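Chains as they are written, first to last, in the numbering used here: chain A, 18 to 373; chain B, 18 to 373.
Glycine included, each C-beta is placed from N, C-alpha and C at the ideal position.
Keep in mind the model is a prediction, meaning the values are calculated, not measured.
In what follows, a structure is listed as structure tokens, so that the remarks can point back to it.
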DNA sequence: TTAAAAAATGTAACGGATTACATTTTGCCA
DNA sequence: TGGCAAAATGTAATCCGTTACATTTTTTAA
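Spelled out as structure tokens, the structure:
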């Protein structure tokens with residue numbers, strides 16, 4: 018591959034002129050500019066971005082730490098990130114960490130070793146914690162080159178992008194309560210996650226407001242996989258006094274749960290209502306179509322990238338906390354509790370899977 | 018961040034000794050080595066990988082071109098790539114191209130500009146074609162730093178990893194024929210794709226072998242999305258003589274199609290059998306569980322990465338074509354054709370076989 | 001026409017690690 | 001203990017753009 022000196026030789030100018038022609042054309046006379054551009058073309062010259070970045074100290078790479086790309090929701094988030102990154106001339110380095118702290122630390126080190134400028138974390142964990150703190154004696158404790166999105170730390174040392182999970186879970190629970198349900202189960206995510214904690218809190222808020230006592234046995238653990246929803250539903254159905262509605266913390270678990278319920282010969286929602294969270298594409302095509310909380314997944318990604326770039330460019334002094342809106346999407350998987358006869362089901366607008 | 022000169026100063030040695038201590042420790046005496054390592058620790062020194070890579074000319078980055086990460090199958094492939102890349106100290110740059118040639122070319126340029134060493138393409142298209150060919154006068158026409166996987170070009174100028182789509186589609190069609198189906202529809206992928214062409218060919222192979230005439234109206238176009246399966250099924254059901262089985266070229270379309278079929282009041286598989294392709298996680302949790310062709314998605318990713326690294330390291334002289342195995346997974350969405358009562362399927366005879 | 005200002009171009013240092021080659025130190029044997 | 005080979009270490013070039021500063025050319029104004 019030819020380099021800038023080669024081009025300079027061909028155009029019979031200095032390397033500085035070549036560089037300027039490409040970076041700040043108005044500093045170069047038209048005649049010289051044309052000469053240089055011709056030489057560039059003749060030499061098939063492409064600046065070595067590795068060299069540019071080495072010198073500038075900016076890699077224009079962003080690392081994304083995602084528990085698993087195989088999760089449909091995260092895939093959408095990443096899709097949004099990709100879009101925003103591409104628009105800003107950044108590239109995305111994918112870190113599929115499987116929730117492993119060790120692996121996350123390895124990727125975080127890419128920032129320290131100048132392989133990437135910053136990092137986006139989709140899990141409630143600070144990967145820099147595992148690394149020895151660099152120059153702690155700095156006078157200006159700048160923000161970490163990180164953004165925490167979706168599942169966020171309680172006291173994140175960086176900007177965050179988050180949903181009001183508590184309010185969303187509350188809204189869904191209220192929807193179920195309004196349908197007459199009193200025994201409402203929840204299939205949770207991994208226990209230690211703040212996200213799960215918030216959703217459980219919202220669920221309890223709604224129960225309390227309605228004067229429905231909280232029953233610990235209706236809280237079932239899951240891990241966001243189809244199978245875990247299936248298994249948790251089995252446990253819930255085996256209770257002496259099973260629930261009439263199951264609120265799952267994501268759509269995969271809801272689909273798994275519905276599968277189990279139907280296998281048992283029960284009908285959704287006639288016998289048991291099921292609700293999900295996320296509104297992945299499969300939700301609208303589930304049988305019955307799934308009532309869920311729609312999250313602006315792509316917007317999470319876009320916002321996270323934009324915030325990170327702002328941090329990197331020093332445009333932020335404080336770490337903002339962006340709260341994105343959710344939407345209660347009522348489809349056919351939730352209905353009146355058994356025994357409750359069409360008691361004015363609130364705004365029952367089942368949307369067809371016709372619109373994507 | 019401290020650099021190698023800082024460490025050299027601290028350890029009172031030359032920069033060369035520091036570099037050797039870290040790269041080829043056996044060339045350095047134990048005493049010096051310890052001194053250097055202490056200095057490294059004291060300075061909190063991390064080699065600037067940007068500099069290392071600039072000098073070595075190797076970025077240790079691989080670009081992945083994927084039509085859409087939101088596709089569950091591709092997400093699994095990427096997951097496998099990630100694994101293999103990480104094992105080999107490579108990082109993955111994600112290129113979500115949405116099937117756009119322009120975008121693909123932009124990512125391919127990253128290889129030319131030394132932002133990445135090589136590229137993996139999951140679509141049947143050579144992104145380097147759009148770029149002006151560099152040094153075509155080379156005496157040794159080396160392999161392109163590219164691997165083409167999943168959806169591959171007919172005459173790929175690089176290693177490929179592929180499924181025998183024709184055989185797989187043939188196997189599934191044979192399964193449906195064995196169940197007594199004679200009017201078997203296929204919901205295709207995008208028309209111009211070799212992958213779709215091969216699957217249609219396999220479908221026709223099986224029909225022909227069974228002496229079942231091919232009917233063009235049973236070939237319905239789709240684009241691998243849930244919605245397109247839904248729409249295509251609607252069209253097929255509206256035919257004067259609708260199919261008794263629908264073979265979809267991926268699981269999403271199959272799930273969409275089942276949704277449509279059930280909405281029409283028909284039963285799967287009692288009235289219509291439905292088969293998919295890919296065996297994504299949702300397939301087993303569909304209602305009914307989906308009969309499909311299982312592909313080793315993660316293995317596609319792993320193999321592609323390994324092959325690419327081999328190319329980059331010059332270990333390959335010719336471009337190998339790796340064919341991965343498929344598996345026919347029979348679940349509950351396929352059953353005997355209506356009217357066929359567990360009998361030998363080949364006793365079925367058409368009264369007036371229309372010649373085409 | 002000439003001096004001064006403005007525009008264009010050139011020179012060379014710089015960034016951080018690697019490494020060929022040069023130099024110094026150590027180890028060993030006679 | 002001298003002398004030589006081997007081991008250890010040092011010096012400086014190199015990778016390739018960018019850019020501060022220096023120099024040359026052109027333009028402007030008097």
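Residue i versus the options, residue with shortest Cα-Cα distance
i: residue 319(A); options: 216(A), 184(A), 186(A), 166(A); result: 166(A)
i: residue 70(B); options: 81(A), 133(A), 109(A); result: 133(A)
i: residue 309(B); options: 346(B), 283(B), 335(B), 337(B); result: 346(B)
i: residue 67(A); options: 63(B), 77(B), 171(B); result: 77(B)
i: residue 304(B); options: 19(A), 325(A), 277(A), 29(A); result: 277(A)
i: residue 197(B); options: 173(B), 58(B), 351(B); result: 351(B)
i: residue 188(B); options: 342(B), 43(B), 23(B); result: 342(B)
i: residue 177(B); options: 244(B), 42(B), 327(B); result: 327(B)
i: residue 125(A); options: 81(A), 103(A), 93(A); result: 81(A)
i: residue 272(A); options: 227(A), 260(A), 292(A); result: 292(A)
i: residue 114(A); options: 332(B), 103(B), 111(B); result: 103(B)
i: residue 61(B); options: 130(A), 43(A), 41(A); result: 130(A)
i: residue 258(A); options: 93(A), 53(A), 175(A), 202(A); result: 202(A)
i: residue 209(B); options: 185(B), 232(B), 93(B), 238(B); result: 238(B)
i: residue 74(B); options: 333(B), 336(B), 329(B); result: 329(B)
i: residue 58(A); options: 72(A), 331(A), 38(A); result: 38(A)
C-beta neighbour in chain B for residue i, strict 8 Å
i: residue 335(A); result: no
i: residue 304(A); result: yes
Three-way DSSP call (helix, strand, coil) for residue i in this model
i: residue 148(A); result: coil
i: residue 276(B); result: helix
i: residue 172(B); result: coil
i: residue 242(A); result: coil
i: residue 45(A); result: coil
i: residue 156(A); result: Here residue 156(A) scores only 38 on pLDDT, less than 50, and its place in the model is too uncertain to base an answer on.
i: residue 133(B); result: coil
i: residue 78(A); result: strand
i: residue 375(B); result: Nothing can be reported for residue 375(B): it is not among the residues displayed for chain B, which extend from 18 to 373.
i: residue 115(B); result: coil
i: residue 65(B); result: coil
i: residue 23(B); result: helix
i: residue 167(B); result: coil
is_contact[residue i, chain A] using C-beta, thresh 8 Å
i: residue 89(B); result: yes
i: residue 138(B); result: no
i: residue 64(B); result: yes
i: residue 76(B); result: yes
i: residue 70(B); result: yes
i: residue 299(B); result: yes
i: residue 243(B); result: yes
i: residue 189(B); result: no
i: residue 67(B); result: yes
i: residue 113(B); result: yes
Alpha-carbon spacing of residue i relative to residue j, whole angstroms
i: residue 298(A); j: residue 128(A); result: 34 Å
i: residue 118(A); j: residue 211(B); result: 41 Å
i: residue 15(B); j: residue 84(B); result: The requested residue 15(B) does not occur in the structure, where chain B is confined to residues 18 to 373.
i: residue 171(A); j: residue 214(A); result: 11 Å
i: residue 19(B); j: residue 266(A); result: 46 Å
i: residue 33(B); j: residue 27(B); result: 14 Å
i: residue 90(B); j: residue 217(A); result: 32 Å
i: residue 312(A); j: residue 22(A); result: 52 Å
i: residue 206(B); j: residue 137(B); result: 21 Å
i: residue 96(B); j: residue 321(A); result: 22 Å
i: residue 87(B); j: residue 268(B); result: 14 Å
i: residue 169(B); j: residue 300(A); result: 31 Å
i: residue 365(B); j: residue 141(B); result: For residue 365(B), the predicted model reports a pLDDT of 41, less than 50, meaning its position is unreliable and no value from the coordinates is stated.
i: residue 79(A); j: residue 263(B); result: 43 Å
Any non-hydrogen atom of the ligand ATP closer than 7 Å to residue i Cβ
i: residue 278(A); result: Inclusion of the ligand ATP in the displayed structure is not the case, the ligand content being empty and no account of it being possible.
Below 9 Å between beta carbons is the criterion; list the residues of the region 116 to 131 of chain B that meet it against any residue of chain A, in chain order.
-> For the region 116 to 131 of chain B, which is checked against every Cβ of chain A, the residues closer than 9 Å are 120, 123, 124, 126, 127, 129, 130, 131.
Could you list the residues in the region 86 to 110 of chain A with a C-beta less than 7 Å from some C-beta on chain B, going in chain order?
-> Cβ contacts with chain B come from 86, 87, 89, 92, 93, 95, 96, 99, 108, 109, 110.
Interfacial residues, the region 273 to 292 of chain B to chain A, with Cβ spacing under 8 Å = Legend: CB atoms of the region 273 to 292 of chain B lying less than 8 Å from CB atoms of chain A belong to residues 273, 275, 276, 279.
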